[in-house]
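Trainee: Starting off with a structure, shown below.
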Amino acid sequence: MTAGKHVDRGLLTAYLASAPALPAETEWAVEAHLENCRDCRLLLADVVRVREPALDLVLSRVWIGVEAAEPARPAPTRPAWARWARTWAPPTMGPWVLTGVLVALVALAVDLAAPPDRLPPLVLLLAPIVPLFGVAAAWSRRFDPLHELTAATPGAGLRMVLRRTAVVLVVVIPVLAVAGAFTDLSPALWLLPCLAFTVGTLALGTVVGVGRAALVLGLMWTVFVIAPALPDDASPPLLRQAALPWWVLVVVGAVVVVVARAKSFTAPGSRY
Ligand SMILES: [Zn+2]
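Residue numbers for the sequence shown, in our numbering: 30 to 301.
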């Protein structure tokens, strides 16, 4: 397919012509390579010159127009920390992560206002779904207008999804830890379900899309666990000490699924 490390001329010609015989994966691979390889971009320009002189003429005119319209001042650059932060998470995730934090804080406020023997604490009930707001936005065409652009970059895929999920957890876990301390909860009780739902969303997300997975799991938890527990005066069985080994199993199982199906995050036509 390629000559050594680079894309060969024949493949670039087929890519230029959008040959129907060219599989979508090959097209993606060529695009990903072109993004990083100046030599192959120059070769593509040469193929355009030879095979599509009319297109080449249009491109030259566009370049003349772009250069004429180029502002004299360079575009303002962001400070280094802002550029670094953007390699971890897109700004579109901000409001979603914040929503999760607010949900945790409201739950804490309700728990503090409630009589001291009231069980189960709302913080404990909500902890599993607090990260889901941010996780839903971590890899979703619906919540991120630049998603298709991101998904087509060579850095896209499991690594990027995990980086963004890590950002959600880094923000959410300290808030839950404070809320858990105020409501006298053992950290494992809220942390394990919280992690299980986060990784579980990614695992289910490899099949139905991360945004949809977060919605489905969040709704199921709300309907089948939170709603029945509210009028009750006892923690639901799923959130007791005895259930912790099961949560560990869910975390491990979900991690295996996510790793095994990692390719689905960037598969062409995937339902992100
Ligand atoms: Zn190359």
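For each residue, glycine too, the CB sits at the ideal point set by N, CA and C.
1. Using a 10 Å radius around the Cβ and a threshold of 16 neighbouring Cβ atoms, would you call residue 91 buried or exposed?
2. Heavy atom of ligand 1 less than 8 Å from the Cβ of residue 75, yes or no?
3. Counting pairs of beta carbons, one from the stretch 121 to 136 and one from the stretch 189 to 203, are three or more of them closer than 8 Å?
4. Who are the Cβ neighbours of residue 139 in its own chain at under 6 Å, not counting the five residues just before and after it?
5. Between the beta-carbon of residue 255 and the beta-carbon of residue 155, is there less than 9 Å?
6. Can you list the alpha helix (DSSP H) stretches of 4 or more residues lying completely in the stretch 96 to 179, in chain order?
7. Using the three-state DSSP reduction, which class does residue 193 fall into: helix, strand or coil?
8. Regarding residue 223 and ligand 1, is the C-beta to nearest heavy atom distance less than 8 Å?
9. Less than 6 Å between C-beta atoms, sequence neighbours within five positions excluded: which residues of the same chain meet that for residue 212?
10. Determine the burial state of residue 47: buried for a count of at least 16 other Cβ atoms within 10 Å of its Cβ, exposed for fewer.
11. Would you kindly report the start and end of the unbroken alpha helix (DSSP H) that includes residue 70?
Mentor: Answer, in terms of the structure:
1. By 1-based counting over the sequence shown, the position of residue 91 is 62. Exposed, since its Cβ has fewer than 16 Cβ neighbours within 10 Å.
2. Counting from one through the sequence shown, the residue named residue 75 turns up at place 46. It does not: the Cβ of residue 75 is nowhere closer than 8 Å to a heavy atom of ligand 1.
3. Taking 8 Å as the limit for Cβ pairs, the verdict is that the stretch 189 to 203 does touch the stretch 121 to 136.
4. Here residue 139 refers to the residue found at position 110 when the sequence shown is read from its first residue. If we look at residue 139 and ignore the five residues flanking it on each side, its Cβ neighbours are 151.
5. Counting from 1 along the sequence shown, the entry for residue 255 is found at position 226. Counting from 1 along the sequence shown, the entry for residue 155 is found at position 126. Yes.
6. Runs found: 109 to 117, 123 to 142, 151 to 155, 161 to 167.
7. The residue given as residue 193 occupies position 164 in the sequence shown. DSSP, read as helix, strand or coil, puts residue 193 in helix.
8. Translated into positions along the sequence shown, residue 223 becomes position 194. The answer is no for residue 223.
9. Here residue 212 corresponds to residue number 183 of the sequence shown, with the count starting at 1. Hits under 6 Å: 140, 150, 152.
10. For the purposes of this step, residue 47 is identified with residue 18 of the sequence shown, where counting begins at 1. Exposed, because fewer than 16 other Cβ atoms sit within 10 Å of the Cβ of residue 47.
11. Here residue 70 refers to the residue found at position 41 of the sequence shown. 67 to 80 is the extent of the alpha helix (DSSP H) around residue 70.
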